[in-house]
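Chemist: Right, I'll just put the structure down here and ask away after.
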Amino acid sequence: MSKKRPDFIENDEQERPSKSQLKREMHALQELGENLIAMKPAELARFPLSDDMLRAIEETSRIRSHEGRRRHMQYVGKLIRKEDLVAIQAVFDSVDQEQQQRDHAFHRLEKWRDRLIEEDDSAIDAFMADYPDTDRQTLRQLIRNARRERDQAKPPTSARKLFKFLRESADL
Numbered sequence: 084m085s086k087k088r089p090d091f092i093e094n095d096e097q098e099r100p101s102k103s104q105l106k107r108e109m110h111a112l113q114e115l116g117e118n119l120i121a122m123k124p125a126e127l128a129r130f131p132l133s134d135d136m137l138r139a140i141e142e143t144s145r146i147r148s149h150e151g152r153r154r155h156m157q158y159v160g161k162l163i164r165k166e167d168l169v170a171i172q173a174v175f176d177s178v179d180q181e182q183q184q185r186d187h188a189f190h191r192l193e194k195w196r197d198r199l200i201e202e203d204d205s206a207i208d209a210f211m212a213d214y215p216d217t218d219r220q221t222l223r224q225l226i227r228n229a230r231r232e233r234d235q236a237k238p239p240t241s242a243r244k245l246f247k248f249l250r251e252s253a254d255l
């Protein structure tokens with residue numbers, strides 16, 4: 084006669100995640116904690132974190148031992164399970180979106196810089212139409228210096244100054 088297990092035990096085992104799955108989830112939470120620890124205090128203030136979690140993040144900077152840091156990261160992973168992960172992910176998504184917008188704006192300014200150096204005064208007029216508060220005389224001088232450096236095959240010092248000026252004009 085073979086022993087048969089009750090049905091409720093078999094169903095319970097089927098619904099429970101595997102040990103490997105639990106480990107993957109634990110490592111993902113630890114990685115999330117490491118991302119939070121790597122942030123600057125001003126960025127960290129945007130996240131909806133409990134006081135215990137904030138203390139654990141602050142304490143991480145004082146831990147020097149490798150094994151101590153590993154254990155502390157496990158503790159951070161344990162604490163982060165109690166946090167609102169959906170809200171934390173929403174803040175991470177907004178931070179990523181802001182970074183993408185900044186990158187896009189910088190690429191747009193780089194294209195403006197290249198266009199201003201390569202083209203004639205029509206590019207200056209187009210830039211002034213987009214950014215009317217820009218000092219035209221300073222812009223023309225920086226463009227002239229950047230063109231001279233390019234023609235003489237010198238390092239692009241003036242092109243960098245031009246980009247910085249464009250960035251300030253665009254308020255980035």
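Take any residue in the sequence shown, note its place counting from 1, add 83, and you have its number in the working numbering.
Glycine is no exception: its CB is placed at the ideal position from the N, C-alpha and C atoms.
1. Per DSSP, what kind of secondary structure is Phe91 in: helix, strand or coil?
2. So is Glu150 buried or exposed if we call it buried at 16+ other beta carbons inside 10 Å?
3. What ranges does the alpha helix (DSSP H) occupy inside the segment 174-232, keeping only unbroken runs of at least 4 residues that lie completely in it?
4. If you measure between the beta carbons of Leu112 and Asp135, is that distance less than 8 Å?
5. From Arg154 to Gln184, what distance separates their C-alpha atoms?
6. Could you tell me which uninterrupted beta strand (DSSP E) segments, each at least 3 residues in length, are contained entirely in the segment 101-165, listed from first to last along the chain?
7. Enumerate in chain order the residues of its own chain whose CB-to-CB distance from Arg219 is below 8 Å, with the five nearest sequence positions on each side excluded.
8. Out of Ser133, Leu119, Asp167, state which residue places its alpha-carbon closest to the alpha-carbon of Ser144.
9. Quick one: residues in its chain with C-beta nearer than 7 Å to the C-beta of Arg230, no 5 flanking neighbours on either side, listed in chain order?
Modeler: Result, derived from the coordinates:
1. The pLDDT assigned to Phe91 is 46, lower than 50, so where the model puts this residue is not dependable; a value taken from the coordinates is nonetheless given after this. Reduced to three states, the DSSP call for Phe91 is helix.
2. Residue burial is scored here from C-beta neighbours: Glu150 has fewer than 16 other C-beta atoms within 10 angstroms and is therefore classed as exposed.
3. Within the segment 174-232, the complete alpha helix (DSSP H) runs of at least 4 residues fall at 204-213.
4. One thing to note: Leu112 has its Cβ no nearer than 8 Å to the Cβ of Asp135.
5. Here the C-alpha atom of Arg154 lies approximately 37 Å from the C-alpha atom of Gln184.
6. The qualifying runs do not exist here; there are none.
7. Ile207, Met211.
8. It is Leu119 whose Cα lies nearest to the Cα of Ser144.
9. Same-chain partners within the cutoff: Ile200.
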